[in-house]
Amino acid sequence: MGRKLDPTRKEKRGPGRKARKQRGAEVELARFLPPGKCGLDRPAAAPGRLRPSDRRVSSRRAGERQEEALQSRQKEAAGQTARGRSGFSDGNSKWLAPAKAKKTQPKGNHVELSSDGEVEEGSWEMEEEEDGSSEEMVDDYGASSSEEEELLPIEKAALKQKPDREGLSEDDSEEEEEAEEASKQKMGQKEEGPDLQLNLDIDEQFKLPTSEEIEKEDILFICDIHKPCPPDLHVIHQRIQGNMEVLQDFGVKREEGRSRQEYLALLRRDMAAYYSYSDFLLTKLMDIFPLPELINFLEANEVPRPVTIRTNTLKTRRRDLAQALINRGVNLDPLGKWSKTGLVIYDSTVPIGATPEYLAGHYMLQGASSLLPVMALAPQENERILDMCCAPGGKTSYIAQLMKNTGMILANDSSAERLRSVVGNLHRLGVTNAVVSNCDGRQFPKVLGGFDRVLLDAPCSGTGVISKDPAVKTNKDEKDIQRCAHLQKELILSAIDSVNAASETGGYIVYCTCSIMVEENECVVDYALKKRNVRLVATGLDFGKEGFTRFKDRRFHPSLKSTRRFYPHTHNMDGFFIAKFKKFSNAIPQAQKEPAVEAAAPSAVPDPIISEPPPKKKKLEESKADKEQKLPQPALKKKRSLQAQRRPLKA
Numbered sequence: 001m002g003r004k005l006d007p008t009r010k011e012k013r014g015p016g017r018k019a020r021k022q023r024g025a026e027v028e029l030a031r032f033l034p035p036g037k038c039g040l041d042r043p044a045a046a047p048g049r050l051r052p053s054d055r056r057v058s059s060r061r062a063g064e065r066q067e068e069a070l071q072s073r074q075k076e077a078a079g080q081t082a083r084g085r086s087g088f089s090d091g092n093s094k095w096l097a098p099a100k101a102k103k104t105q106p107k108g109n110h111v112e113l114s115s116d117g118e119v120e121e122g123s124w125e126m127e128e129e130e131d132g133s134s135e136e137m138v139d140d141y142g143a144s145s146s147e148e149e150e151l152l153p154i155e156k157a158a159l160k161q162k163p164d165r166e167g168l169s170e171d172d173s174e175e176e177e178e179a180e181e182a183s184k185q186k187m188g189q190k191e192e193g194p195d196l197q198l199n200l201d202i203d204e205q206f207k208l209p210t211s212e213e214i215e216k217e218d219i220l221f222i223c224d225i226h227k228p229c230p231p232d233l234h235v236i237h238q239r240i241q242g243n244m245e246v247l248q249d250f251g252v253k254r255e256e257g258r259s260r261q262e263y264l265a266l267l268r269r270d271m272a273a274y275y276s277y278s279d280f281l282l283t284k285l286m287d288i289f290p291l292p293e294l295i296n297f298l299e300a301n302e303v304p305r306p307v308t309i310r311t312n313t314l315k316t317r318r319r320d321l322a323q324a325l326i327n328r329g330v331n332l333d334p335l336g337k338w339s340k341t342g343l344v345i346y347d348s349t350v351p352i353g354a355t356p357e358y359l360a361g362h363y364m365l366q367g368a369s370s371l372l373p374v375m376a377l378a379p380q381e382n383e384r385i386l387d388m389c390c391a392p393g394g395k396t397s398y399i400a401q402l403m404k405n406t407g408m409i410l411a412n413d414s415s416a417e418r419l420r421s422v423v424g425n426l427h428r429l430g431v432t433n434a435v436v437s438n439c440d441g442r443q444f445p446k447v448l449g450g451f452d453r454v455l456l457d458a459p460c461s462g463t464g465v466i467s468k469d470p471a472v473k474t475n476k477d478e479k480d481i482q483r484c485a486h487l488q489k490e491l492i493l494s495a496i497d498s499v500n501a502a503s504e505t506g507g508y509i510v511y512c513t514c515s516i517m518v519e520e521n522e523c524v525v526d527y528a529l530k531k532r533n534v535r536l537v538a539t540g541l542d543f544g545k546e547g548f549t550r551f552k553d554r555r556f557h558p559s560l561k562s563t564r565r566f567y568p569h570t571h572n573m574d575g576f577f578i579a580k581f582k583k584f585s586n587a588i589p590q591a592q593k594e595p596a597v598e599a600a601a602p603s604a605v606p607d608p609i610i611s612e613p614p615p616k617k618k619k620l621e622e623s624k625a626d627k628e629q630k631l632p633q634p635a636l637k638k639k640r641s642l643q644a645q646r647r648p649l650k651a
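When we follow full-length UniProt numbering, the leftmost residue of the sequence shown carries the number 1, and every step to the right adds one.
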């Protein structure tokens, strides 16, 4: 097994070579031992190795002591020269000062003995304090380091400058200090100059640039045809802020002789350049939002919306799904009090669209605003529901989830390519009560009708989802808006006609768009109210802004207050519009069409009671008789003879 160490027989060893040296022990020994036998006649052992940081501290302290000794010697020498050579002026005292004496230290450690043979106490202390500075220390790696090697270059320069400064007189040092302070002040003025100038520019009253200045900016922006220079966004941003301040208090801060339209035109031009919007779209947005809110809306469109998911309660619960995703390194929170299935994802160590839970159909990647139309529709179990524009299937699967896979859902879309994603999502999420169709929504009442509820997520211009599709900023014009509005009006009439007003539980239509344009929202809803027997009801959503009842020179039905608008800068979700209708009659009103037809062509509608020929035939006969009277006699006789020669027509 080997030898065992007996702790009782362990020999006591002396202190290690790195142990700290105690002061005064040798002095106490010398008192009891006779002279010559104290064992101190040999040189002391080398000091223990110090750390580099300790060596630096000790070397600095030694340097300070050397400087103090030099100063005291210089003062004594200066006093002696002043006494011996009183005839010289103060200006010559500088070069008459004695040369600096270099302090020499004996190599090695030794003990100074007094005449009586006793050890002097101060000598041990001085030796121990100066051990780090007098000897060349050897570090653990065998490299020697002296004072000069341990000091940094900047420290060496400072040590050289200190003796020179000590030789100067007090007046000269004061003059140098004053010069340094003046130079610092000048440098501070140069550094603070741009900031001070910038603050002055901000504090000054905003003034509209002239047309010449605007033309110069346009010329500077286009340096080359192939390489246009970008505009100075910082200057434009400052100009937008100044313009906004003036417009908010226009009566006080406006420039004399300038109208409000000039300020608005400049603001629209700067915003279009700063946020990269087309002039058409920016004009539309300025009509919808007040100016301070418009800035917030534009800024919100530059930031992406948070990632949200919807729990599929057909397969799991939200609590279990959240725990599973947290275990995979996903940071999430509940979406809000208004949603029982939504979760918002802050960050994730795994791709959200490729987790095992996603592939198993436990959740669906879906925006927060896409949950609201289904919540407003409020589908019930065992109902027949039509989703007229269903792709990519998020709302359809949410409807099936709320119905618990009962009843029937007809998922329709006019694009066959987009229906592939619908079929894939419905299979993944476990939806079994859906029928997928590929039909034009405008022809749908002829295909199939009698639904209890209809959801119409109409195609739109996409002005509410600019953060997802920045191309909307520039590629939309008036024709696109009018084209979308016309299609939406046709679709909403078809959706209303597809609903059965006599349904016991339903008879509801939800119309929604991802646009904020009034032409695509309030105008379409007001058109449906005039054309069909429907009325607006509450959406059941506790938040959201009310729809417009008046916009510019247009006046809409007062019940449009029950519609809801959602904005990215107020609700942190995509821009959305939701309206909910209740159909109270299946009859299509015709009262508004009949007077228009009669006024347009009153003579075109024949009366079946009158047996007289229509007035057009009488006019034709009269015109023929007039023509015959106008013809000359020979021509008239010839025409009649030709008519007599014709064969009689068969019965």
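Even glycine gets a Cβ: it sits at the ideal position worked out from N, Cα and C. Keep in mind it's a predicted model, so treat the numbers as computed, not measured.
Item	Value
Three-state secondary structure (DSSP) of residue 425	helix
Among 238, 233 and 64, the one whose alpha carbon lies nearest that of residue 156	64
Where the alpha helix (DSSP H) through residue 377 begins and ends	368–377
The stretch 487–498 touching the stretch 430–438, judged by at least three CB pairs closer than 8 Å	no
C-beta atoms of residue 529 and residue 376 nearer than 8 Å	no
Rounded C-alpha distance that separates residue 161 from residue 67	12 Å
Residue environment, residue 257, which counts as buried when at least 16 other CB atoms sit within 10 Å	exposed
contact_flag[the stretch 379–395, the stretch 353–362] where n(CB pairs < 8 Å) is 3 or more	no
Contact under 8 Å by Cβ, residue 422 with residue 390	yes
When 272, 247 and 268 are compared against residue 260, the one with the closest alpha-carbon	247
Member of 374, 266 and 556 whose CA lies at the smallest distance from the CA of residue 509	374
Buried versus exposed, by CB contacts within 10 Å (16 or more), residue 465	buried
Residue 8 to residue 158 span [Cα, whole Å]	59 Å
For residue 403 and residue 386, the rounded distance between their alpha carbons	13 Å
Status (buried if at least 16 other CB within 10 Å, exposed otherwise) for residue 292	exposed
Buried or exposed (CB count within 10 angstroms, at least 16 for buried), residue 346	exposed
Beta strand (DSSP E) segment containing residue 334, residue limits	330–334
Test item: CB-CB of residue 344 and residue 333 under 8 Å	yes
Euclidean distance between Cα positions of residue 448 and residue 412	11 Å
Buried versus exposed call for residue 543 [16 or more other C-beta atoms within 10 Å across all chains shown]	exposed
Spatial distance of residue 299 from residue 569 (CA atoms)	8 Å
Extent of the continuous alpha helix (DSSP H) run through residue 517	First-last for residue 517: undefined, no H or E at that position.
Other residues of its chain near residue 457: CB distance less than 6 Å, five sequence neighbours each side excluded	389 and 512
Whole-angstrom distance between residue 276 and residue 426, CA atom to CA atom	39 Å
Contacting residues, own chain, Cβ-Cβ under 6 Å from residue 477 (five flanking each side not counted)	280
CA-to-CA distance, residue 61 to residue 70, given in whole angstroms	14 Å
One or two residues paired with residue 275 in a DSSP bridge	Beta-bridge pairing links residue 275 to no other residue.
Between the CA atoms of residue 328 and residue 505 - distance to the nearest angstrom	43 Å
With 16 other Cβ atoms within 10 Å as the buried cut-off, status of residue 317	exposed
Which residues DSSP lists as bridging residue 307, in chain order	345
Environment of residue 366 [buried if 16+ CB atoms lie within 10 Å]	buried
Distance, residue 585 Cα to residue 574 Cα	34 Å
Buried versus exposed call for residue 284 [16 or more other C-beta atoms within 10 Å across all chains shown]	buried
Rounded distance between the beta-carbons of residue 236 and residue 273, thought under 8 Å	6 Å
Residue 502 versus 554, 587 and 539, residue with shortest Cα-Cα distance	587
Cβ pair residue 653, residue 467 closer than 8 Å	Absent from the model: residue 653. The displayed extent of the chain is 1 to 651, so no value can be given.
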